[in-house]
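Notes follow once the structure below has been shown.
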Amino acid sequence: MGQVVYLCRGSGCKKRKAENKSFRKSVGGSLQIEEVRCQKICKGPVAGVEVGGTLRWFRKLDARTDLVDLRRALNDGCLPKRLADKQVEKRTGKLR
Numbered sequence: 021m022g023q024v025v026y027l028c029r030g031s032g033c034k035k036r037k038a039e040n041k042s043f044r045k046s047v048g049g050s051l052q053i054e055e056v057r058c059q060k061i062c063k064g065p066v067a068g069v070e071v072g073g074t075l076r077w078f079r080k081l082d083a084r085t086d087l088v089d090l091r092r093a094l095n096d097g098c099l100p101k102r103l104a105d106k107q108v109e110k111r112t113g114k115l116r
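Take a look at the structure:
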């Protein structure tokens with residue numbers, strides 16, 4: 021199984037169709053996308069990835085800039101500052 025990006029499909033995130041579509045297109049076939057129910061941290065797009073064995077959630081993601089940082093986090097196991105600033109600590113390690 022490849023690296024997984026969990027993408028929130030809650031009603032708040034669904035409203036941001038253009039942003040979600042852009043994010044999905046940028047991910048392409050390089051990462052597996054798994055849609056999950058609302059994570060209660062609306063301000064989408066909202067995505068989660070495992071970094072260093074811990075699931076971490078991020079909001080207000082931009083496909084043009086943040087996807088590079090998500091890939092770096094998945095590959096290197098550390099968070100670039102720009103991505104760390106978008107992390108939602110209260111959801112760390114949790115999946116609804």
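Residue numbers for the sequence shown follow our numbering, so the first one is 21 and each next one is one higher. Yeah, the Cβ is synthetic: ideal placement off N, Cα and C, and Gly gets one too.
I'd like to know whether the C-beta atoms of Asn40 and Gly64 end up nearer to each other than 8 Å.
Result yes, Cβ atoms of Asn40 and Gly64 sit closer than 8 Å.
By the DSSP assignment, the alpha helix (DSSP H) with Val88 in it spans what residues?
Segment Ala83 to Asp96, the alpha helix (DSSP H) holding Val88.
For Met21, does the count of other Cβ atoms within 10 angstroms reach 16, so buried, or fall short, so exposed?
Below a pLDDT of 50, predicted positions are generally treated as unreliable, and Met21, at 47, falls in that range; no measurement from the model is reported.
Tell me which residues share the same chain as Thr74 and place their Cβ nearer than 8 Å to its Cβ, disregarding the 5 neighbours each side in the sequence.
Same-chain partners within the cutoff: Thr112 and Gly113.
Can you find the residues in the same chain that come closer than 6 Å, C-beta to C-beta, to Leu51, ignoring five residues on each side of it along the sequence?
So the qualifying residues of the chain are Gln23 and Val25.
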